[in-house]
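Numbering (the working numbering), first residue to last: 4 to 490.
Listed below in structure tokens is the structure:
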């Protein structure tokens with residue numbers, strides 16, 4: 004069912020019972036800003052059970068979750084509405100005055116209501132209920148708190164203000180900024196899974212570096228990623244243009260620009276970007292977020308352990324031994340506290356733990372060998388692509404304004420080469436295996452053992468590298484390997 008039809012049916016059902024219903028909050032705001040709605044908030048002027056049953060019938064559901072704190076019924080829909088991403092409807096069954104309900108909302112741009120029966124009208128603006136001048140703030144692109152207590156009433160609203168600002172490209176007004184800074188510590192009382200989800204939604208949007216900086220200026224970041232805040236002022240060797248904090252933010256920014264593909268830029272036009280790479284980063288990791296979001300998160304956090312690992316070697320040179328390993332573990336723990344799902348945590352942890360691996364593969368060589376590339380992707384799987392792009396963003400952020408196009412061209416060319424060779428090897432490895440363990444044991448009269456498994460791995464690698472193409476070639480190579488081991 005389309006959104007307009009659903010709201011019309013709901014309006015008619017409520018009217019037949021003499022009950023008034025309203026759409027409020029984000030749905031009204033999205034209608035005013037011509038955005039595809041992501042959620043539906045309804046206020047129904049009654050809390051009688053028969054009204055609840057009526058709403059359930061129209062929505063084709065039988066039950067809901069009840070948010071006792073806000074007295075809201077959260078209804079999970081069996082299918083998404085029309086072409087929207089709406090899969091949930093929040094319904095407040097209230098006997099109180101509507102203006103009282105709107106005054107309890109977070110921001111003026113969300114403290115708007117529209118009678119259900121007027122949602123589809125061409126002149127719907129004439130029927131908007133706007134007690135807090137939300138329309139003016141939408142036109143002015145301003146996020147303004149409804150009252151000073153909104154953040155103590157619900158601390159998640161502080162990070163939500165930043166997320167809405169990032170989604171709509173709005174500005175948080177001065178008094179709201181000050182209030183968030185004053186109330187920032189109360190975010191520790193908020194459900195961490197909501198904080199985690201809001202953070203990921205911020206990273207979904209463009210220019211996310213600016214909004215991470217806003218989280219920091221509002222004193223919120225120190226309660227979300229305290230280890231990241233500790234990177235401020237931590238100096239690095241001369242090879243790095245910025246300190247660790249600035250470097251981390253710029254790595255995020257460069258990562259985002261790399262995701263935008265071949266722009267009209269001498270830098271990004273050299274970086275690898277194909278339809279296949281775009282599909283890789285657009286692929287969903289879970290029901291809500293893509294590779295791109297977790298890639299950007301890893302870019303931000305990749306050096307999070309540098310403050311605690313900073314040392315001077317015997318020559319007086321600054322080192323950060325094992326910062327990638329410690330940083331990966333620290334990130335895992337922090338993301339677990341934010342209730343991020345295990346699969347996504349593993350992805351981010353892998354990117355951070357291995358973000359130096361391309362450096363090792365590229366160091367001192369004109370071009371990494373096909374075998375080195377095969378082993379790299381064998382170890383990292385699909386995360387190998389993510390790590391290569393972390394490497395590129397990290398390199399750009401290390402050089403900063405000192406970047407030379409010739410050095411960057413060499414670096415980008417090598418990463419392009421790695422990806423191209425990997426794609427060729429992928430074609431080979433996806434072919435049917437030339438030989439299996441049973442055939443090996445039968446041909447060479449071997450018993451089941453680790454030796455057979457190791458031999459099979461060597462043959463599979465040789466096939467992936469394009470060194471063997473037939474069963475006979477596999478047998479010949481196996482014979483050579485067995486003889487070498489016996490010798």
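No residue lacks a Cβ here, since even glycine has one placed at the ideal position from N, Cα and C.
Check your understanding: From this set, 323, 297, 358, 317, which residue's C-alpha is nearest residue 338's C-alpha?
Key -> Closest option to residue 338, judged by alpha-carbon separation, among 323, 297, 358, 317: 297.
**Study point:** C-beta atoms of residue 252 and residue 165 nearer than 7 angstroms
**Key:** no
Check your understanding: Less than 7 angstroms separating the beta-carbons of residue 255 and residue 274?
Key -> no
Check your understanding: Considering only the beta carbon of each residue, do residue 12 and residue 57 sit closer than 7 angstroms?
Key -> no
Review point. Can the beta-carbon of residue 42 be found less than 7 angstroms from the beta-carbon of residue 21?
Key: no
Practice item. To the nearest angstrom, report how far apart residue 121 and residue 133 are at their CA atoms. Key: 15 angstroms
Point to revise | Three-state secondary structure (DSSP) of residue 25 | key: DSSP places residue 25 in strand when its eight states are reduced to three.
Check your understanding: Exposed or buried, which one is residue 380 when buried takes at least 16 other CB atoms within 10 Å?
Key -> It is buried - the Cβ of residue 380 has at least 16 other Cβ atoms within 10 Å.
Point to revise | Helix, strand or coil at residue 81 according to DSSP, with G and I counted as helix | key: The answer is coil: DSSP assigns residue 81 none of H, G, I, E or B.
Exercise for review: Let me know if residue 67 comes out buried or exposed under the rule of 16 or more other beta-carbons within 10 Å of its beta-carbon.
Suggested key: buried
Check your understanding: Which residues mark the beginning and the end of the alpha helix (DSSP H) in which residue 186 is found?
Key -> 177-186
Exercise for review: Pull up the CB-CB distance for residue 334 and residue 359, whole angstroms please, since I reckon it's below 8 angstroms.
Suggested key: The Cβ separation is near 15 angstroms, so there is no contact.
Check your understanding: Is the distance from the Cβ of residue 497 to the Cβ of residue 193 below 7 angstroms?
Key -> Since the displayed the chain opens at 4 and closes at 490, residue 497 lies outside it and no answer follows.
Practice item. Would you list the residues sitting across from residue 75 in a DSSP beta bridge? Key: 70
**Study point:** Buried or exposed (CB count within 10 angstroms, at least 16 for buried), residue 415
**Key:** Buried is the call here.
Exercise for review: Could you tell me which of 238, 243, 382, 371 sits nearest to residue 424, measuring between CA atoms?
Suggested key: 371
Point to revise | Reference residue 346; option with closest CA among 376, 401, 313, 287 | key: Out of 376, 401, 313, 287, 287 has the C-alpha closest to the C-alpha of residue 346.
Check your understanding: With burial defined as no fewer than 16 other Cβ atoms inside 10 Å of the residue's Cβ, what is the status of residue 129: buried or exposed?
Key -> exposed
Check your understanding: Exposed or buried, residue 213, counting other C-beta atoms within 10 Å across all chains shown (16 or more means buried)?
Key -> With fewer than 16 Cβ atoms within 10 Å of its Cβ, residue 213 is classed as exposed.
Exercise for review: Determine the direct distance from the alpha carbon of residue 481 to that of residue 462, and round the result to whole angstroms.
Suggested key: 7 angstroms
**Study point:** Uninterrupted alpha helix (DSSP H) stretches inside the region 356-441 (no shorter than 4 residues)
**Key:** As far as the region 356-441 is concerned, its whole alpha helix (DSSP H) runs of at least 4 residues are 360-365, 373-383, 386-402, 408-432.
Practice item. Quick one: grab the DSSP three-state call for residue 1. Key: The structure shown does not extend to residue 1, since the chain spans only 4 to 490, so no value can be given for it.
Exercise for review: Give a yes or no on whether the C-beta atoms belonging to residue 161 and residue 340 are separated by under 7 angstroms.
Suggested key: no
Check your understanding: According to the neighbour-count rule (16 or more other Cβ atoms, all chains shown, within 10 Å of its Cβ), is residue 140 buried or exposed?
Key -> buried
Exercise for review: Could you check what DSSP says for residue 103 in three-state terms: helix, strand or coil?
Suggested key: helix
Point to revise | residue 322 - partner residues in DSSP beta bridges | key: DSSP, once it has assigned bridges, lists 314 as partnering residue 322.
Exercise for review: Would you identify the three-state DSSP class for residue 117, choosing helix, strand or coil?
Suggested key: strand
Point to revise | C-beta atoms of residue 184 and residue 247 nearer than 7 angstroms | key: no
Exercise for review: Report the rounded CA-to-CA distance for residue 349 versus residue 127, giving the unit in angstroms.
Suggested key: 48 angstroms
Check your understanding: Looking at the unbroken beta strand (DSSP E) that takes in residue 93, where does it start and where does it end?
Key -> 91-96
Exercise for review: Kindly list the residues whose CB is nearer than 7 angstroms to the CB of residue 399, restricted to its own chain and excluding five residues on each side of it in sequence; keep chain order.
Suggested key: 257, 406
Point to revise | Selection from 316, 106, 151, 163 that minimises the alpha carbon distance to residue 137 | key: 106
Check your understanding: Can you tell which of 458, 467, 473 has the C-alpha that lies nearest to the C-alpha of residue 487?
Key -> 458
Check your understanding: According to the Cβ coordinates, are residue 243 and residue 396 closer than 7 angstroms?
Key -> no
**Study point:** Pair within 7 angstroms by beta-carbon distance, residue 78 and residue 92
**Key:** yes
Check your understanding: Is DSSP giving residue 228 helix, strand or coil here?
Key -> Of the three classes helix, strand and coil, the one that applies to residue 228 here is coil, per DSSP.
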